[in-house]
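Taking it in order: structure first as structure tokens, then the write-up.
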Amino acid sequence: MTISILKSHRFIHLKSLYYFLLLSFFVANAQAQQAVVMSPDGKLTVNLTVNNGTPTYSVSYKGKLFLEPSPIGLKTNVGDFSTGLELKEKQIQNKIDESYELPNIKQSKVHYVANETVFSFTKNKESVIDITFRVSNNDVAFRYKVYPQKGTLSAVVKEEVSGFLFPAGTTTFLSAQSKAMAGWSRTMPSYEIPYTIDAPLGENGKGEGYTFPCLFKVNNNGWVLISETGVDSQYCASRLIGRDKGLYTIGFPMEGENNGVGSSTPGIGLPGEIPWRTITIGETLEPIVTTTVPFDLVKPRYEASQKYQYTKGTWSWIIGMDKSMNYDEQLRYINFSADLGYETVLVDALWDTQVGRDKIADLAKYAASKGVGLYLWYNSNGYWNDAPQSPRGIMDKTIARRKEMAWMKSIGIKGIKVDFFGGDKQETMKLYEDILYDANDYGIMVIFHGTTLPRGWERMYPNYASSEAVLASENLSFGQGSCGLEAFSATLHTFIRNTVGSMDFGGSALNKFYNDKNTPNKGSKRMTSDVYALATAVLFQSGVQHFALAPNNLTDAPQWAIDFMKAVPTTWDEVRFIDGYPGKYAILARRHGNKWYVAGINAQKETVKIKVKLPMIAGGSELKQYADDAQLNGNLTTTKLKKNQEIEVTIPCNGAVLLMN
Ligand code: CA
């Protein structure tokens, strides 16, 4: 990793800055202070204005307004830092130029370049907060630093006024925040409320705001994705609350989350910084598909105890459910993973009672002899909901957890999947961090399920594997309704949920029916094609994948499908947006080494028949093509990319296309 930060501390006289940049400010009155931060390419601009002591900021791209003057600042129990503020004339400007490598995100090598300005504010002549803006070519990020107040070294943040005011006509692509302690076994929020598409401004979901990330279409100007990153044990996770007239503000967890235990407002030591709020802007969806801002803004919190492997695996539970949790079936899946050349099997809930610890140790030993490692499922509870599945009461207790992890290490367990978390309070964020940090001591990777969005965790926590935080494959197994919406949902995840963090979807089923023998008309029926199953293995990014494949697929699925699933990578060097629209269709390209995988899916009734440009592949190249006919029968052929690097693709409803060079 190379880091070079060029620091230049200098006075900026706002008036001369204004003339220097030739920006057309309108200074409303003598009380206004103004400043600008521009992206390295000069196209993305943040304007900060302090008017009568109240700061606002706006964001423009190529001169078009994407966020109107929006509130900024916070209210704490040691002072209100949203009004009565004076911007210090002296600002610190940093040029950020950093390169880093991360194998488990969308892009393996990242070169992050941004302009940073630290705006310091006083109130009644005393230093109160800094607001730091970082502007890269398509991302704006800001965060607050709060200073000690008259000897007070601790604070509770009561409210962030940070807001995002969208121009009239903007439409929204949002997943509502569910109520707390609702649903099955009072396990909500589970961050799996279906999205509303192209909905108007001015709504507020189920009354509790929206789950990050939040996508907005600003008329015909382009797209905005709002999220946050760098959230750890030192703060709560946040969300967006819908307000009047196109304004959304940062919201904190509900009082009722975590069974009402723990504060919904976060506490910080002073001086203290709070997580970054991020705004990704593009004229097309390309900057949102490719953004690395969740990772650019964070640093590893600890060193990896070993080199962690990002692997593929299978799991019996997704097709066979609880009854599949027995020794013989787990043995069958270990053999199945070995046959596929996969490295892991995820042993889901109830293994402690239905298999037993000694037999798990036997299975782990047998698996190792076949080159396969095990992931073990755990209930995170605890006291925050009534999810009954065991093992329970271990991951929430430091002493029991570490003892358990020592046992896992002794039998060679590769990872854990921890389920049913209590919400977004600081208390719960601490539990996530504690589990990750302890697991690293024992060389164990961690998947979170029934969980909130990861917020930069791929870089912060080196043994972090993946998170659900999506209406995932289990719902396809639970009911036909989700199967009908499978492709529709996937075209959203591609442009929203999965753009800011690894998504443990657990999909790519090749069974026609969700039952353990693939018996017709038993369990829910898969509506998507076999090529679709392959395409989502490319579209859905997660360094660790457990696919919903079943041993019977070795004989009842097309050979080309099995061969593809054997070979498909889970780590990627690069991603490109090719075409698509959230809720309609999605075509992305991912590169692994020198091989490009172009994957497209379609959720619309009408067949997508379009010419796409593949500028990263040489014109005239021969391509492998997996495609569907109108009845969703897939086939594998070869085709040629035209000299002008164009190719026509045809994707029927619930079908897919895959092209590989
Ligand atoms: Ca779930």
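Every position in the sequence shown, counted from 1, becomes a number in the working numbering once 46 is added. Glycine included, every Cβ here is placed at the ideal spot set by N, Cα and C.
Test item: CB-CB of residue i and residue j under 9 angstroms
i	j	result
leucine 331	glycine 626	yes
tyrosine 237	leucine 499	yes
isoleucine 493	alanine 515	no
asparagine 544	glutamine 587	yes
glycine 439	alanine 433	no
proline 346	valine 264	no
isoleucine 462	methionine 441	yes
alanine 594	tryptophan 361	yes
serine 208	proline 117	yes
threonine 497	aspartate 465	yes
methionine 611	alanine 645	no
proline 240	asparagine 381	no
glycine 502	valine 270	no
asparagine 150	tyrosine 356	yes
alanine 193	proline 312	Residue identity check: residue 193 is tyrosine in the sequence provided, not alanine. Contact: no.
isoleucine 490	lysine 455	yes
Residue range of the beta strand (DSSP E) that includes residue i
i	result
glycine 680	680-686
serine 512	510-513
isoleucine 327	322-328
threonine 102	100-107
tryptophan 269	268-275
glutamine 79	79-84
threonine 257	256-264
Burial state of residue i (16 or more Cβ within 10 Å)
i	result
leucine 220	buried
glutamate 389	buried
threonine 582	buried
valine 695	buried
glutamate 114	buried
leucine 199	exposed
lysine 291	exposed
serine 231	exposed
threonine 95	buried
lysine 252	exposed
glycine 701	buried
tyrosine 421	buried
valine 703	buried
proline 299	buried
lysine 471	buried
leucine 68	Any reading at leucine 68 must be qualified, since the residue scores a pLDDT of 34, below 50, and its modelled position is unreliable; no value is offered.
lysine 689	exposed
Rounded straight-line distance, which links the Cα of residue j to that of residue i
i	j	result
threonine 100	threonine 324	21 angstroms
leucine 392	valine 590	11 angstroms
glutamate 652	phenylalanine 534	13 angstroms
threonine 685	isoleucine 633	18 angstroms
phenylalanine 167	tyrosine 190	11 angstroms
leucine 60	glycine 109	Note that leucine 60 has pLDDT 43, beneath the 50 cutoff, so the model's placement of it is unreliable and the number below is only indicative. Between leucine 60 and glycine 109, the C-alpha separation is close to 20 angstroms.
valine 202	isoleucine 320	11 angstroms
cysteine 699	asparagine 431	39 angstroms
proline 508	asparagine 486	8 angstroms
serine 182	isoleucine 663	27 angstroms
methionine 188	serine 85	Sequence check: residue 188 is phenylalanine here, not methionine. Taking the straight line joining both Cα atoms gives about 13 angstroms.
proline 604	asparagine 425	36 angstroms
serine 310	isoleucine 272	21 angstroms
glycine 340	glutamate 172	The question names glycine, yet the displayed sequence has proline at residue 340. Their Cα atoms are separated by approximately 33 angstroms.
arginine 180	valine 82	11 angstroms
leucine 517	isoleucine 177	35 angstroms
lysine 169	threonine 129	8 angstroms
leucine 682	leucine 669	10 angstroms
aspartate 480	threonine 565	43 angstroms
methionine 2	glutamine 671	Nothing can be reported for residue 2: it is not among the residues displayed for the chain, which extend from 47 to 707.
phenylalanine 127	phenylalanine 210	18 angstroms
glycine 215	asparagine 184	22 angstroms
asparagine 98	proline 259	33 angstroms
threonine 616	aspartate 674	24 angstroms
Opening and closing residue of the alpha helix (DSSP H) in which residue i lies
i	result
glutamine 223	It is not in any alpha helix (DSSP H) - glutamine 223 carries neither H nor E in the DSSP assignment.
lysine 734	Since the first residue shown for the chain is 47 and the last is 707, residue 734 is missing from the structure and cannot be characterised.
glycine 366	363-366
>> My parser needs the alpha helix (DSSP H) runs of 4 or more residues fully inside the segment 397-446; what are they?
In response: For the alpha helix (DSSP H) assignment, the uninterrupted runs of no fewer than 4 residues enclosed by the segment 397-446 are, from N- to C-terminal side, 397-400, 403-415.
> In chain order, which beta strand (DSSP E) runs of at least 3 residues are fully inside the segment 289-319?
Replying inline: Entirely contained in the segment 289-319, the beta strand (DSSP E) runs reaching 3 residues are, in chain order, 293-297, 313-315.
>> Going residue by residue through the segment 472-540, where are the continuous beta strand (DSSP E) segments of at least 3 residues, counting only ones entirely within it?
In response: Qualifying beta strand (DSSP E) stretches, in chain order: 491-494, 510-513.
> At which residue ranges does the segment 628-693 contain complete beta strand (DSSP E) runs of 3 or more residues, listed in the order of the chain?
Replying inline: Entirely contained in the segment 628-693, the beta strand (DSSP E) runs reaching 3 residues are, in chain order, 631-638, 641-648, 654-659, 668-674, 680-686.
>> What ranges does the beta strand (DSSP E) occupy inside the segment 173-209, keeping only unbroken runs of at least 3 residues that lie completely in it?
In response: As far as the segment 173-209 is concerned, its whole beta strand (DSSP E) runs of at least 3 residues are 185-192, 200-206.
>> If we require 3 or more residues per run, which beta strand (DSSP E) segments fall completely within the segment 451-475?
In response: Runs found: 461-465.
>> Quick check on the DSSP output: what are the complete beta strand (DSSP E) runs of length 3 or more inside the segment 117-154, in order along the chain?
In response: Fully enclosed beta strand (DSSP E) runs of 3 or longer: 120-122, 125-127, 136-147.
> At what residue ranges does the segment 549-620 contain a whole run of the beta strand (DSSP E), taking only runs of 3 or more?
Replying inline: Fully enclosed beta strand (DSSP E) runs of 3 or longer: 591-593.
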